[in-house]
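Those protein sequence lines, which keep their order, are chains A and B. Okay, so the first sequence: first residue is 7 according to my numbering, each after it adds one. Okay, so the second sequence: first residue is 42 according to my numbering, each after it adds one. All C-beta atoms in this analysis are idealised placements derived from N, C-alpha and C, irrespective of residue type, glycine included. Quick caveat: nothing in here was measured; it's all calculated off a predicted structure.
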Amino acid sequence: MKKGTYGLLAALLLVALFATACGGAAEPKECADDPLGCAVVAKGDTIKIGYAGPTQGEYSAFGTDISQGGLIAIDDFGEFNGFQFELVIEDTGGAPEGGAAVANKFISEPSMVAIAGHTFSGSTEAAIPIYDDAGFPMLSPSATNPSLTEMGSLVFNRIAFTDTVQGINAAEYIYNKLGATKIAVMHDGGAYGQGLAEIVKSEFEKLGGEVVAFEAITPGETDYSAPLAGIAALEPEVLYFGGYDADAAVLKNQMASSGLEGVTFFSDDGCFGQNFLDLTGENSEGTIATSLIPPTSPEKEAFDAAYEERWGDPPGTLSPFTWNGYDIVAALISVAKDVAIEQGGNLYFPRSAMVEGVRGLEGYNGLSGVISCDATGECNTTGPTFYIAEGGKWVQAP
Amino acid sequence: MEKTASPKVRMPINTYKIVQVTIAVLFIGYLIWRIYALAVIEQVYGADSWLRFAVSGLILGSVYAVIAIGYTLVYGILFMINFAHGEIMMLGAYAGYFTLEALGSWIVDPAAGQAFLNANPVLSIVLAFAVGMTTSTIAGVFLEKIAYRPLRGAPRLVPLISAIGASIFLQNAAQLIFSPRRRDYLNPDILTRNTGWTVVVNSKDVVITYTGVFTFVLSIILLIVLYTIVQRTRMGRAMRAVAEDKKTAALMGIDVDGVISRTFAISGAMGGAAGVMWGIHNGIIYHYVGFIPGLKAFTAAVLGGIGNLPGAMLGGMVLGIVEATGPAILGIPFQLKDVIAFSILVLVLIFRPSGILGEVLTEEKV
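Set out below in structure tokens:
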């Protein structure tokens with residue numbers, strides 16, 4: 007009996023040894039050298055890029071829009087030596103636990119080469135350690151919380167400018183250009199909105215201004231008249247809001263009837279976009295927002311046309327991030343094409359080379375500006391642009 | 042032996058009573074101190090601010106009341122919480138939105154470029170409500186047929202789970218059908234949002250919006266009409282009979298299934314009206330728009346005494362006003378308004394477990 011068991015074990019061991027030896031032989035040398043191994047795409051399979059963001063539920067507009075931009079990039083650049091790139095879209099609900107769950111799913115996929123995401127800072131923060139261990143490079147379109155690049159992660163990069171840069175610029179603009187000395191600051195309590203609001207508050211006070219109110223609202227509601235009336239009693243000159251377009255639109259719509267008529271509404275790149283204008287109509291007049299969208303270019307026009315043809319609505323209807331969605335997927339595809347090794351009909355992507363390749367992006371021309379990653383993973387070099395709503399359009403602010 | 046035992050019987054130490062009284066004293070004491078502090082020490086908010094808070098609260102409260110009626114009616118008859126009621130409201134809001142959009146793009150006077158919407162504003166509003174309420178009524182009746190009727194004899198928890206499932210299903214169906222985009226309600230010019238009568242209080246302008254007054258007045262009318270239906274008509278009597286005892290009502294010749302269907306129809310119509318009002322007053326709707334108001338209205342129904350119609354109305358109004366003025370009175374961030382609302386709920390349940398007005402539609406207890 008005992009002898010039989012040992013015999014069986016020995017046979018199994020031999021088979022296992024043989025199998026690994028065979029597998030190893032087919033892999034290129036780079037994979038054996040790479041401490042993280044390779045992503046392998048067998049013949050007939052697709053090269054996968056993962057997108058993780060809210061595609062269902064309350065914030066589904068963001069995830070849907072960014073992934074739709076990304077799918078256009080797949081249309082444009084998705085062919086590679088007979089292989090096809092594929093964007094795998096998974097829903098995080100925008101929440102940290104959803105982000106971790108999707109990250110764990112993605113790292114178990116051998117033909118996944120890179121992650122276009124995540125969307126929302128909280129979800130991204132939860133996912134970074136998981137991708138760090140597995141060696142999956144990330145390029146986020148919209149996670150802007152400053153702390154994300156301060157975690158020492160090798161895999162995390164983003165093309166959105168940080169909230170620190172945006173907040174400091176916004177506070178300076180309000181103090182110097184608008185000449186306001188008394189402002190009220192509101193936020194939606196999220197990692198993005200609150201982080202931004204705190205930076206604006208501290209920077210504005212540093213400049214010598216006074217912040218008369220610092221209020222949080224519950225996002226997703228459609229009536230904020232009570233908190234606005236509370237702020238009106240403190241008579242600010244400018245109302246700064248850190249958060250996203252849907253809540254910003256509700257605030258802007260209700261400002262005039264809550265006693266804040268004539269007070270400038272100032273918001274962020276989460277607010278900027280056609281959606282805000284659609285939701286506020288004539289009320290939008292005079293709103294100032296920051297944005298990472300550069301002036302129009304032939305490439306941007308081509309994308310806009312392709313987007314409208316494929317998805318029905320013009321880009322920017324759902325969120326302000328669709329151009330970033332296109333850029334991240336396009337940039338990741340370009341890195342993957344550089345790194346790919348073809349052997350025996352299969353494609354191999356050494357994971358360390360992918361991670362270094364994304365961090366090493368230099369002078370890549372995207373729709374949203376030039377993408378050049380620094381040592382911490384900040385890839386946006388353009389900084390924010392200020393736009394003002396005039397006659398139902400966003401025009402560059404003076 | 043008897044002498045030592047009898048005082049114990051006469052003076053039992055009621056811990057629950059002590060907890061009740063302590064909480065009441067602490068709460069009322071704190072409230073008085075806060076009001077004193079607001080009026081004398083801080084004086085952050087003038088009369089104009091208080092008027093704005095009150096107006097905002099009354100409008101919000103009146104919509105909560107109309108939604109809460111839907112919960113309370115169904116609860117009174119079936120003893121189940123129809124958690125998909127918020128989604129019924131959302132469907133009504135979308136139906137009203139598409140009606141107004143259609144009327145807004147139907148040009149009746151090409152010379153002036155005037156659309157039907159502004160040529161016949163009153164008729165347009167009536168049409169929007171008619172379509173919104175019809176859609177929600179149909180949705181409500183089908184919801185009952187599909188999600189609740191097959192589970193009529195099942196344990197109480199089962200239809201509740203089914204209701205939550207229906208709620209999630211309807212949210213996602215709406216997202217897929219209507220896209221996750223948020224939509225801006227198209228109002229006729231006479232009901233332009235955020236414009237209204239200006240009242241000067243404390244030498245400051247306070248705007249009382251047209252849409253707010255419209256919403257408030259319409260809510261009150263709807264509540265009175267509904268109350269009359271339940272109290273004065275044959276159908277209302279049948280509903281109350283079924284609420285009291287289904288078996289006996291059936292023996293008396295009442296079509297119980299029919300009454301339940303009609304209850305869901307009425308509850309759906311109220312939800313639809315609330316959805317269109319929400320759209321007209323607040324302007325923005327999306328597939329999730331019914332969720333939070335639905336939860337709040339459920340709270341309002343419990344607050345007033347679930348199963349009780351005047352209770353739901355009162356609960357809605359109280360909740361709206363508490364949400365709007367609570368943070369200012371207590372001097373805490375406005376984001377904590379839900380904490381205040383739910384704290385009030387807890388307090389009411391401690392002192393009056395059956396809600397402010399108690400349960401009167403039926404005698405049967407949970």
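Expected contact under 8 Å - CB spacing of residue i and residue j to nearest Å
i	j	result
residue 259(A)	residue 289(A)	5 Å
residue 147(A)	residue 130(A)	Their Cβ separation, rounded to whole angstroms, is 10 Å, which puts residue 147(A) and residue 130(A) out of contact at 8 Å.
residue 250(A)	residue 203(A)	The pair is not a contact, with the Cβ atoms about 13 Å apart (cut-off 8 Å).
residue 105(B)	residue 320(B)	About 16 Å separates the two Cβ atoms, so there is no contact after all.
residue 47(A)	residue 89(A)	6 Å
residue 372(A)	residue 310(A)	Not quite, the Cβ-Cβ distance comes to about 14 Å (not below 8 Å), so this is no contact.
residue 88(B)	residue 242(B)	5 Å
residue 218(A)	residue 240(A)	4 Å
residue 113(B)	residue 350(B)	6 Å
residue 36(A)	residue 294(A)	Between residue 294(A) and residue 36(A) the Cβ distance is about 50 Å, and since that is not below 8 Å, they are no contact.
residue 345(B)	residue 355(B)	5 Å
Short Cβ contact (8 Å threshold) for residue i with residue j
i	j	result
residue 373(B)	residue 185(B)	no
residue 225(A)	residue 195(A)	yes
residue 205(A)	residue 173(A)	yes
residue 155(A)	residue 391(A)	no
residue 173(B)	residue 136(B)	yes
residue 1(A)	residue 345(A)	This structure cannot speak to residue 1(A), because chain A is shown only from 7 to 404.
residue 122(B)	residue 214(B)	no
residue 132(B)	residue 144(B)	no
residue 61(A)	residue 70(A)	yes
residue 357(A)	residue 42(A)	yes
residue 338(B)	residue 357(B)	yes
residue 229(A)	residue 225(B)	no
residue 86(B)	residue 223(B)	no
residue 55(A)	residue 122(A)	yes
residue 100(B)	residue 233(B)	no
residue 180(B)	residue 342(B)	no
residue 275(A)	residue 298(A)	yes
residue 96(A)	residue 186(A)	no
residue 45(A)	residue 102(A)	no
Closest Cα partner of residue i within the set the options
i	options	result
residue 200(B)	252(B), 258(B), 188(B)	188(B)
residue 139(A)	114(A), 149(A), 123(A), 150(A)	114(A)
residue 83(A)	401(A), 347(A), 338(A), 198(A)	338(A)
residue 355(A)	122(A), 295(A), 142(A)	142(A)
residue 367(B)	233(A), 394(A), 303(A)	233(A)
residue 248(A)	297(A), 218(A), 198(A), 313(A)	198(A)
residue 324(A)	349(A), 340(A), 279(A)	279(A)
residue 267(A)	340(A), 393(A), 237(A)	237(A)
residue 322(B)	379(B), 227(B), 391(B), 247(B)	227(B)
residue 175(A)	398(A), 400(A), 393(A)	393(A)
residue 220(A)	116(A), 302(A), 189(A), 231(A)	189(A)
residue 370(A)	362(A), 340(A), 272(A)	340(A)
residue 397(A)	367(A), 404(A), 292(A)	292(A)
residue 119(B)	260(B), 364(B), 192(B)	192(B)
residue 169(A)	350(A), 136(A), 80(A), 209(A)	209(A)
residue 100(A)	136(A), 364(A), 320(A), 149(A)	149(A)
residue 307(A)	318(A), 192(A), 329(A), 366(A)	329(A)
residue 212(B)	74(B), 129(B), 75(B)	129(B)
residue 398(B)	385(B), 362(B), 348(B)	348(B)
Which residues DSSP lists as bridging residue i, in chain order
i	result
residue 44(A)	356(A)
residue 192(A)	221(A), 247(A)
residue 224(B)	326(B)
residue 123(A)	58(A)
residue 332(A)	DSSP lists no partner for residue 332(A).
residue 297(A)	391(A)
residue 400(A)	395(A)
residue 270(A)	244(A)
residue 384(A)	164(A)
Distance cut-off 7 Å: residue i Cβ against heavy atoms of the ligand MG
i	result
residue 361(A)	Although the ligand MG was asked about, the structure shown includes no ligands whatsoever.
- Which runs of the beta strand (DSSP E) spanning at least 3 residues fall entirely within the stretch 115–152 of chain B, listed in chain order? 148–150
- Note down, one range per segment and in chain order, each alpha helix (DSSP H) of at least 4 residues found wholly within the stretch 348–382 of chain A. 357–365
- Task: Pick out the complete beta strand (DSSP E) segments inside the stretch 234–291 of chain B, 3 residues or longer, and give them in chain order.
- Result: 237–242, 245–250
- Runs of beta strand (DSSP E) lying entirely within the stretch 135–167 of chain A, each at least 3 residues, in chain order: 144–146, 162–164
- Contained alpha helix (DSSP H) runs [length at least 4] in the stretch 28–111 of chain A, N- to C-terminal order: 35–39, 66–83
- Message: My parser needs the alpha helix (DSSP H) runs of 4 or more residues fully inside the stretch 358–401 of chain B; what are they?
- Response: 378–392
- Unbroken beta strand (DSSP E) runs of length 3 or more, entirely within the stretch 295–358 of chain B: which are they? none
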